[in-house]
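Here's the structure, in C-alpha cells; my notes come after.
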Amino acid sequence: MLALVTGASRGIGRAIAIELAKNNFDVAINCSKSLDSAKNVKDEIINLGRKCEIFQADVSDYNQAEEMFKSIKSFFNESVSILVNNAGITRDNLLMRMKPEEWQQVINSNLNSVFNCTKSAIRDMAKNKFGRIINISSVVGLTGNAGQANYSASKAGIIGFTKSIARECASRGITANAIAPGFIETSMTEILKPEIKADILKTIPAGKMGSPEEVAKAVIFFAGESSSYITGQVLAVDGGMTMI
Ligand code: NAP
Numbered sequence: 023m024l025a026l027v028t029g030a031s032r033g034i035g036r037a038i039a040i041e042l043a044k045n046n047f048d049v050a051i052n053c054s055k056s057l058d059s060a061k062n063v064k065d066e067i068i069n070l071g072r073k074c075e076i077f078q079a080d081v082s083d084y085n086q087a088e089e090m091f092k093s094i095k096s097f098f099n100e101s102v103s104i105l106v107n108n109a110g111i112t113r114d115n116l117l118m119r120m121k122p123e124e125w126q127q128v129i130n131s132n133l134n135s136v137f138n139c140t141k142s143a144i145r146d147m148a149k150n151k152f153g154r155i156i157n158i159s160s161v162v163g164l165t166g167n168a169g170q171a172n173y174s175a176s177k178a179g180i181i182g183f184t185k186s187i188a189r190e191c192a193s194r195g196i197t198a199n200a201i202a203p204g205f206i207e208t209s210m211t212e213i214l215k216p217e218i219k220a221d222i223l224k225t226i227p228a229g230k231m232g233s234p235e236e237v238a239k240a241v242i243f244f245a246g247e248s249s250s251y252i253t254g255q256v257l258a259v260d261g262g263m264t265m266i
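Going by our numbering, the sequence shown opens with residue 23, and the numbers climb by one from there.
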C-alpha cells in the first residue's frame, strides 16, 4: 500500500516516512527545496526493502500539488492510500509586527497545502473505498500561542478541515484524523532562544521535548487497521502539555 508524506526531508516528516516503511508501506516523499536530505531519507527507506521516490513540489501551490499526485501515480502505478499532510513552516511575530507576507506564507504552506493535497488524493480514495488522511496540526491550534497568530490559525484551520472531511468521507471508507504534536525536537524548534525553550519546558508535565519518532508512532496508528472506526479526531502527542 502506498503512503505520501509531505515535508518528509527532515524532522517529523522524515520520521513518519521511515516508520511507515518499517510498517510495510511504500512511501512517496515530498519536499520543496531540501533534496539532499530527502535523498538520505529515500536511501534509508530503500534499505528497509520498500519502494520510495522523491517528489519535489511546493505543496502550497495547487497546480504543483496536483502534478505531484499524477507523477506519483505513474511512478508507483498505484494511487495514494495514506496521505500524511505534514509540510509546515513558522514565521513567528507578534500581531502588531506581523507582515501580511508572514501571515500569507504560513497559511499557504500549512493550511492551503492540506486542501491542495487532500483534494488531489480524495477522488482515488473514494473510488477505492479506502483512504487514510492524517493531518499534522499542533497543540497551538488548540490553545493559541503569543507570537504565532498565523501558525496557530493555520493549525486550528487544519482541525476544522479534518473534522469536515471526516464527515464527508466516512461512508466511503476514508478516515481523516489530526495529530497535534507538542514541543518536538526538530529544526523548527532548534531555532528558539534557550530562555523560550526553558519556559516552554516548564509547561510540559513530561518535563522533556518529544521526539519525531514519538509523533510517527501515532501516525502509524491512524494509518493502520487498529484505527478503522476512528475518524474526525485530534490526538495530542505532547507529554501532557494540553490535556484538552
Ligand atoms: P521542519 O524540520 O522544519 O521540516 C519541515 C518539512 O516541511 C521539511 O521537509 C520542508 O522541506 C517541508 N516543507 C515546508 N514547506 C513546504 C512546502 N511548501 N512544500 C513542500 N514541503 C515543504 O519541521 P518539523 O518540526 O519536522 O514539522 C513538521 C510538521 O509538524 C509541521 O507541519 C509543523 O508545523 C508540525 N509541528 C511541529 C512541532 C515541533 O515542535 N517541531 C510541533 C507541532 C507541530 P523543504 O525545506 O525542502 O521545503
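All C-beta atoms, glycine included, are put in the ideal place defined by N, C-alpha and C.
Keep in mind the model is a prediction, meaning the values are calculated, not measured.
Would the C-beta of residue i count as close to the ligand NAP, meaning under 7 angstroms from any of its heavy atoms?
| i | result |
| --- | --- |
| Ser248 | no |
| Lys64 | no |
| Pro203 | yes |
| Ala30 | yes |
| Thr197 | no |
| Ser54 | yes |
| Ile111 | yes |
| Ser93 | no |
| Met147 | no |
| Ser101 | no |
| Thr208 | yes |
By Cβ distance, which residues of its chain are closer than 6 angstroms to residue i, with the 5 residues on each side in sequence left out?
| i | result |
| --- | --- |
| Ile134 | Residue identity check: residue 134 is Asn in the sequence provided, not Ile. Contacts found: Ser82. |
| Ile129 | Ser176 |
| Ala192 | Thr253 |
| Gly35 | Val27, Gly29 and Asn108 |
Mind checking who residue i pairs with in its DSSP beta bridge?
| i | result |
| --- | --- |
| Arg154 | Ile104 and Thr197 |
| Asp48 | Leu24 |
| Glu89 | In DSSP, Glu89 forms no bridge with anything. |
| Val259 | Pro203 |
| Gln170 | Asn115 |
For residue i and residue j, which I take to be in contact (beta-carbon distance under 8 angstroms), what is that distance rounded to the nearest angstrom?
| i | j | result |
| --- | --- | --- |
| Val259 | Ala228 | That pair is no contact at about 11 angstroms. |
| Ser101 | Asp48 | In fact, because the Cβ distance is near 12 angstroms, the residues do not count as touching under 8 angstroms. |
| Gly266 | Gly232 | Correcting the residue type first, residue 266 is Ile in the shown sequence and not Gly. Not really, about 17 angstroms apart at Cβ, beyond 8 angstroms. |
| Leu42 | Ala25 | 5 angstroms |
Under 7 angstroms Cβ to Cβ from residue i, same chain only, skipping five residues before and after it: list those, please.
| i | result |
| --- | --- |
| Ser142 | Ala87, Glu88 and Phe91 |
| Lys55 | none |
| Glu113 | The question names Glu, yet the displayed sequence has Arg at residue 113. Glu124, Gln127, Val128 and Asn172, listed in sequence order. |
| Ser131 | Ser82, Ala109, Gly110 and Ile111 |
| Lys73 | Asp48 and Phe98 |
| Thr184 | Asn157, Ala198, Asn199, Ala200 and Gly254 |
| Lys44 | Leu70 |
Within a Cβ cutoff of 8 angstroms, which residues of the same chain sit near residue i, ignoring the five residues on either side of it in sequence?
| i | result |
| --- | --- |
| Ser209 | Arg32 and Gly33 |
| Ala37 | Ser233, Pro234, Glu235, Val237 and Ala238 |
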